[in-house]
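Number of protein chains: 2
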Amino acid sequence: MTSGPRPQNAPPPDPVGFKRHDHSDCISSAVASAEQHCAENGLRFTPVRRKALEILLQEHRALGAYDMLDRLRDAGFGSQPPVAYRALEFLVANGFAHKIERLNAFIACAHPGANHSPAFMICRQCQSVAEAQSAPARGALGHAARAAGFQIEGTMVEAVGLCPACVEKAPS
Amino acid sequence: MTSGPRPQNAPPPDPVGFKRHDHSDCISSAVASAEQHCAENGLRFTPVRRKALEILLQEHRALGAYDMLDRLRDAGFGSQPPVAYRALEFLVANGFAHKIERLNAFIACAHPGANHSPAFMICRQCQSVAEAQSAPARGALGHAARAAGFQIEGTMVEAVGLCPACVEKAPS
DNA sequence: CAACTCCATGTGATCTTATAACGTTTAACG
DNA sequence: CGTTAAACGTTATAAGATCACATGGAGTTG
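So the sequence lines, in the order shown, correspond to chains L and P. The numbering of the first sequence is numbering that gives the first Met the number 0, which starts it at 0 and goes up by one. The numbering of the second sequence is numbering that gives the first Met the number 0, which starts it at 0 and goes up by one.
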């Protein structure tokens with residue numbers, strides 16, 4: 000993995016979209032919204048799944064599956080990898096979370112309900128991640144796909160660089 | 000890994016950009032071009048690195064690091080993972096190959112020398128991969144990055160869907 | 001309620017992907 | 001030729017992900 004110098008589980012200096020914010024209640028609101036979505040769509044928002052979402056929201060950063068597993072175990076759930084992977088799979092499949100391929104990590108969705116074609120900005124220094132919107136299928140990529148006869152079902156866009164905080168620290 | 004039903008090492012039905020083509024000599028020309036680039040930039044285009052590039056060009060599909068390792072071993076090089084990872088790292092760092100994060104696999108660059116900001120179209124059925132050009136930093140993402148103060152150093156764009164051949168086979 | 005079905009959960013085992021660490025070799029340079 | 005830095009080969013191990021199978025609970029149907 001191309002990983003920076005940050006010690007394993009230290010929290011990044013600036014968790015949400017590079018801006019501090021008070022998220023005392025954004026967790027409960029996001030959970031409630033997920034709960035509603037599940038109820039409306041016949042999905043089972045079970046305890047592990049709910050807890051996994053809460054953990055992602057609480058951390059507000061990209062979390063590896065095994066980090067998630069540790070926290071789920073601490074919360075009294077199973078202790079084997081599939082426990083974490085299954086919960087994460089559910090959250091990702093339903094748009095409550097996203098996988099950051101570049102980091103092999105997962106993060107709570109920052110724009111729940113939005114028309115998802117998320118793009119991520121990943122700081123190579125502190126690993127913080129911010130979510131933005133994108134529509135790559137409308138630009139050059141979409142054109143190439145149509146020309147080639149490729150049917151796009153989903154896209155992932157990840158930009159690597161320096162977050163504002165790290166730009167200042169290391170003007171390099 | 001989110002992987003399709005294709006047996007482990009079977010070649011995809013249609014390897015290059017979803018179009019068959021005769022690449023009898025495109026290998027040697029790509030290798031020559033890489034060689035020249037290295038000479039001009041003081042890079043060492045060693046036997047393993049050359050062989051690794053040849054293998055990627057020959058296969059003309061995304062190859063896992065361990066698949067690469069097998070082939071390098073067969074060719075008489077070392078047999079331990081770092082051998083493959085180091086060669087691939089060199090090729091990627093210098094733009095001769097790209098890593099497809101979604102597949103944890105590597106593929107020879109299809110537009111050597113081009114101003115790289117590649118985008119990939121990945122078939123979820125047969126795993127074939129085509130390379131297109133993109134410029135995500137110029138669209139909504141670039142705007143968001145500027146607004147947030149994020150300094151983009153590189154982007155990766157990967158679209159998942161169905162290649163033309165698989166669209167026909169499985170109209171679903 | 002009983003029987004059935006579907007899905008979710010928990011667990012052990014295993015597989016795949018990737019890196020760390022270290023000694024040796026090789027190419028480049030003065 | 002001696003020095004130095006990069007590349008190589010190998011052992012070992014870390015990190016990420018999946019398989020397979022048994023258990024258990026929520027609905028549904030009769």
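Beta carbons: idealized from backbone N, C-alpha and C, even for Gly.
Name the chain P residues that come within less than 7 angstroms of residue i, Cβ to Cβ?
i        : result
L/Pro117 : Within 7 angstroms Cβ-Cβ: nothing; L/Pro117 doesn't reach chain P, min ~10 angstroms.
L/Cys162 : Phe149
Return yes when the Cβ of residue j is within less than 8 angstroms of the Cβ of residue i, no when it is not.
i        : j        : result
P/Gln132 : P/Ala107 : no
P/Ala61  : P/Met120 : no
P/Leu55  : P/Ala96  : yes
P/Ala118 : L/Leu140 : yes
P/Val82  : P/Leu68  : yes
L/Arg48  : L/Phe89  : yes
What residue range is occupied by the uninterrupted beta strand (DSSP E) comprising residue i?
i        : result
L/Phe119 : 117–122
P/Ala104 : 104–107
L/Glu152 : 150–161
Between which two residues does the alpha helix (DSSP H) carrying residue i extend?
i        : result
L/Gln57  : 46–58
L/His36  : 25–40
P/Ala173 : The first residue shown for chain P is 0 and the last is 171, placing residue 173 of chain P beyond what the model contains.
L/Ala173 : Any question about residue 173 of chain L goes unanswered here, given that chain L covers just 0 to 171.
L/Ala96  : Run containing L/Ala96: none in the alpha helix (DSSP H); it sits in the beta strand (DSSP E), 96–99.
L/Pro135 : No alpha helix (DSSP H) holds L/Pro135; DSSP gives it neither H nor E.
P/Ala43  : Note that residue 43 of chain P corresponds to Arg in the displayed sequence, not to Ala. That residue, P/Arg43, is in no alpha helix (DSSP H); it is neither H nor E in DSSP.
L/Phe89  : 80–92
P/Ala64  : 64–73
Against residue i, what residues of chain P qualify as contacts under a CB-to-CB distance less than 8 angstroms, listed in chain order?
i        : result
L/Gln126 : Ordered by position in chain P, no residue passes the 8 angstroms Cβ test against L/Gln126, which lies about 13 angstroms from the chain.
L/Ala144 : Met120, Ala131, Ala158, Gly160
Under 9 angstroms Cβ-Cβ, which residues of chain L neighbour residue i?
i        : result
P/Arg101 : Glu100, Met155
P/Ala92  : Within 9 angstroms Cβ-Cβ: nothing; P/Ala92 doesn't reach chain L, min ~10 angstroms.
P/Glu152 : Arg123, Ala158, Val159, Gly160, Leu161
Would you please state the rounded distance, in angstroms, between the beta carbons of residue i and residue j? I believe it to be under 8 angstroms.
i        : j        : result
P/Ala29  : P/Pro111 : 6 angstroms
L/Glu100 : P/Gly160 : Contact flag wrong, Cβ pair sits at about 16 angstroms.
P/Gly138 : P/His115 : The pair is not a contact, with the Cβ atoms about 17 angstroms apart (cut-off 8 angstroms).
P/Pro163 : L/Ala147 : 7 angstroms
Listing by chain order, which chain L residues have their CB less than 7 angstroms from the CB of residue i?
i        : result
P/Leu68  : Within 7 angstroms Cβ-Cβ: nothing; P/Leu68 doesn't reach chain L, min ~18 angstroms.
P/Leu140 : Ala118, Ala131, Ser133, Val156, Ala158
Identify the contact partners of residue i in chain P, using a Cβ-Cβ distance below 9 angstroms as the criterion.
i        : result
L/Val166 : Gly148, Phe149, Gln150
With hydrogens ignored, establish whether the beta-carbon of residue i is closer than 7 angstroms to any heavy atom of the ligand SAM.
i        : result
L/Gln150 : You won't find the ligand SAM in this model; it holds no ligand whatsoever.
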